[in-house]
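Only one structure is covered here, and it is reproduced in the block below.
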Amino acid sequence: MTPPPGSLLSAQDLRKAYGPTVALDGAEFSIHAGEVVAVMGPSGSGKSTLLHCLAGIVPPDSGSIVYGGRELAGMSDTHRSALRRSDFGFVFQFGRLVPELTCVENVALPLRLNGTSRRKAERTALDWMERLEVDGLKDKRPGEVSGGQGQRVAVARALVTSPRVVFADEPTGALDSLNGERVMELLTDAARSTNAAVVLVTHEARVAAYSDREIVVRDGRSRDMERAV
Ligand SMILES: Nc1ncnc2c1ncn2[C@@H]1O[C@H](COP(=O)(O)OP(=O)(O)OP(=O)(O)O)[C@@H](O)[C@H]1O
Ligand SMILES: [Mg+2]
113 MTPPPGSLLS
123 AQDLRKAYGP
133 TVALDGAEFS
143 IHAGEVVAVM
153 GPSGSGKSTL
163 LHCLAGIVPP
173 DSGSIVYGGR
183 ELAGMSDTHR
193 SALRRSDFGF
203 VFQFGRLVPE
213 LTCVENVALP
223 LRLNGTSRRK
233 AERTALDWME
243 RLEVDGLKDK
253 RPGEVSGGQG
263 QRVAVARALV
273 TSPRVVFADE
283 PTGALDSLNG
293 ERVMELLTDA
303 ARSTNAAVVL
313 VTHEARVAAY
323 SDREIVVRDG
333 RSRDMERAV
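Offset between the sequence shown (1-based) and my numbering: plus 112.
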C-alpha cells in the first residue's frame, strides 16, 4: 500500500478492537505539511482511537501508518517515543498541565525532556506564551488560571518544540464558544506560521470550520467530506 503523494502522515486500512468492541474498522487518513484536518463523527465512532494510532501511542491491530516516509510499526518503541517527543505536539480537552509546575515550566517541559537547558527552554517557552497571549501568567500554577487561559498554555506547550504535527483531541471541548474560537484561531495561526500539520478531533462544526478539510469517522470507518464553500 502506498501513501498518497505529498502526505506527511497517512494511514491505510487501520483496524483496532478492544476485546469485542471494534474501534477502527478500515480507517484511512492522510495529511500534508501545513494542513489542518478536522476529524469529526459521533461519540464512540473511533476518533480518539484514530488520533492515538496516528500519533504512535496506540498500536493498531493491522493496517499501515506512514510518517515522513517511514512505517511507524517498523520502528522500535524507543524510536517511536523519541519521534513523538521531537516531531509531535499534543493538546487535549482538559489541558493536562502538571499542577505542581508553573505555567512557563509546563510550556518548557517538552524542551526540557528533549535535553534543552532550563534557561533556553524557558526563554523559548515564554516566546510561545507571548504568541498565545498568556505570558502574563508565567509564574502562576495551572490551578490559578481560567479554563481558556489553561488551554492557551497547553497550546503553547504543544507548539514549543516546533512539531511537524500537532494532535488536538477536543481542544476546545471544555471552553465556552468565545474562548474556544480564540484558542482555535491562535492554534491554527501558530501552526500555519510554522507549517505544522494539525489533526483536530472535534464534535463541533464551529471548530471544524478552522480546518482546511474535514473527514468523518463513523463506526470506525473514515471518509472525506467535501467542504461546501
Ligand atoms: N482503552 C479502551 N478500552 C476499551 N474500549 C475502548 C478503549 N478506547 C476506546 N474504546 C472503545 O472504542 C470505541 C471508539 O472509542 P473512541 O474513544 O475512539 O471514540 P471517540 O469517537 O473518540 O468518542 P468521543 O467523541 O466520545 O470521544 C468506543 O466504543 C469505545 O468505547
Ligand atoms: Mg474521543
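No residue lacks a Cβ here, since even glycine has one placed at the ideal position from N, Cα and C. Here the structure is a predicted model, which is why all the values come from computation and not from measurement.
Residue i CB to nearest heavy atom of ligand 1 below 6 Å
i    : result
S160 : yes
S155 : yes
A135 : yes
Y130 : yes
Residue burial classification, residue i (beta-carbon count within 10 angstroms, cutoff 16)
i    : result
T214 : buried
P254 : buried
T300 : buried
D199 : buried
L238 : buried
R269 : buried
V341 : Its pLDDT being 40, under 50, V341 is placed unreliably by the model, and nothing is read from it.
A194 : exposed
S229 : exposed
S188 : exposed
E245 : exposed
E326 : buried
V317 : According to the sequence as given, residue 317 is Ala; it is not Val. It counts as exposed.
F206 : exposed
C-beta atoms of residue i and residue j nearer than 7 Å
i    : j    : result
R333 : G156 : no
R127 : G175 : yes
P154 : C165 : no
A220 : G259 : no
A320 : A167 : no
P222 : V272 : yes
V148 : S289 : no
Q263 : L249 : no
V203 : V267 : yes
V295 : T284 : yes
Inter-residue Cα distance where the pair is residue i and residue j
i    : j    : result
M337 : E212 : 42 Å
V310 : Q124 : 18 Å
E234 : E217 : 7 Å
G292 : A308 : 20 Å
A145 : A303 : 10 Å
S122 : L162 : 11 Å
Y130 : R330 : 17 Å
R182 : T133 : 29 Å
R243 : S305 : 11 Å
L225 : R197 : 8 Å
G158 : K252 : 36 Å
S119 : V257 : 38 Å
V313 : R231 : 34 Å
E297 : M241 : 15 Å
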